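Chemist: Pasting in a structure now, in structure tokens, and then I'll have a few things to ask.
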Amino acid sequence: MAETLGRIGTPQDIADVAVWLCTDEARFITGQSILVDGGFTILGPR
0 MAETLGRIGT PQDIADVAVW LCTDEARFIT GQSILVDGGF TILGPR
């Protein structure tokens, strides 16, 4: 398994993004798919 940030993500990593999306800082974000994968997708297919 490859992880570009040097560790495997945790449920807290996902929760942090979900909580942030509920704040005023994210009020202008609509209809987006937000990848929380620690950079895994930049590795491409293996």
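Going by numbering that gives the first Met the number 0, the sequence shown opens with residue 0, and the numbers climb by one from there. In this text, a Cβ means the ideal position worked out from N, Cα and C, and glycines have one as well. Every value quoted in this text rests on a predicted model; they were computed, and no experiment measured them.
Could you spell out the range, first to last residue, of the alpha helix (DSSP H) harbouring residue 20?
Modeler: Within the sequence shown, numbered from 1, the residue matching residue 20 stands at position 21. Note, residue 20: alpha helix (DSSP H), 10 to 20.
Chemist: For the putative contact between residue 3 and residue 38, defined by C-beta atoms under 8 Å, what is the C-beta separation to the nearest angstrom?
Modeler: Within the sequence shown, numbered from 1, the residue matching residue 3 stands at position 4. Within the sequence shown, numbered from 1, the residue matching residue 38 stands at position 39. Residue 3 to residue 38, Cβ: 4 Å. Contact.
Chemist: Could you tell me whether the Cβ atoms of residue 35 and residue 18 are closer together than 7 Å?
Modeler: Position 36 of the sequence shown, counted from the first residue, corresponds to residue 35. Position 19 of the sequence shown, counted from the first residue, corresponds to residue 18. Contact: no.
Chemist: Taking just the CA atoms, how far does residue 41 sit from residue 7?
Modeler: Residue numbering aside, residue 7 sits at position 8 when the sequence shown is read from its first letter. Residue numbering aside, residue 41 sits at position 42 when the sequence shown is read from its first letter. Cα-Cα distance, rounded: 15 Å.
Chemist: Residue 28 by DSSP, collapsed to three states: which one?
Modeler: On the sequence shown, position 29 is the one that residue 28 refers to. Coil at residue 28, not helix or strand.
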